[in-house]
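The next block holds one structure in the form of structure tokens; read it before the comments.
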Amino acid sequence: MDILRGLSHPKFCVDLCGAMVEVGDIEDIQEMQGNQIFANNQIRIRFSMIDTESIRCAAYGSVAEKLYQHRIASNANVFICVLKLW
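No gaps in the numbering here: position 9 of the sequence shown is 788 in the numbering used here, and each next residue is one more.
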């Protein structure tokens with residue numbers, strides 16, 4: 780809540796804070812694109828963040844895996860997410 784009130788510590792960079800909506804499923808992007816551009820990040824998950832506007836986002840690799848695991852482990856309808864160094 781300190782972040783929402785503008786009281787976060789200046790040492791920690793916060794790029795975006797908002798509600799995660801339209802969270803998709805894990806996608807195998809190497810299979811979809813058929814190339815090696817994302818060799819280290821072969822999976823992604825797409826979602827949108829809503830704060831004052833809606834922003835489309837995608838997480839790749841281990842970040843996508845962690846996000847997906849948090850999503851399926853929770854029964855919450857709305858996730859509040861803080862993205863640092865995004």
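Beta carbons: idealized from backbone N, C-alpha and C, even for Gly.
At the C-beta level, L795 and D830 come within 8 angstroms of one another. With distances taken between CA atoms, G840 lies nearest to R825 out of R825, I834, C860, E801. Ranked by Cα distance from V842, the first of E801, R823, N854, A852 is R823. Around R850, the same chain offers V802 as residues with beta carbons nearer than 6 angstroms, after the five sequence neighbours per side are excluded. In this structure, DSSP gives V842 a helical state, which the three-state scheme calls helix. Beyond the five residues adjoining it in sequence on each side, S833 comes within less than 7 angstroms, by CB distance, of S827 in the same chain, given in chain order.
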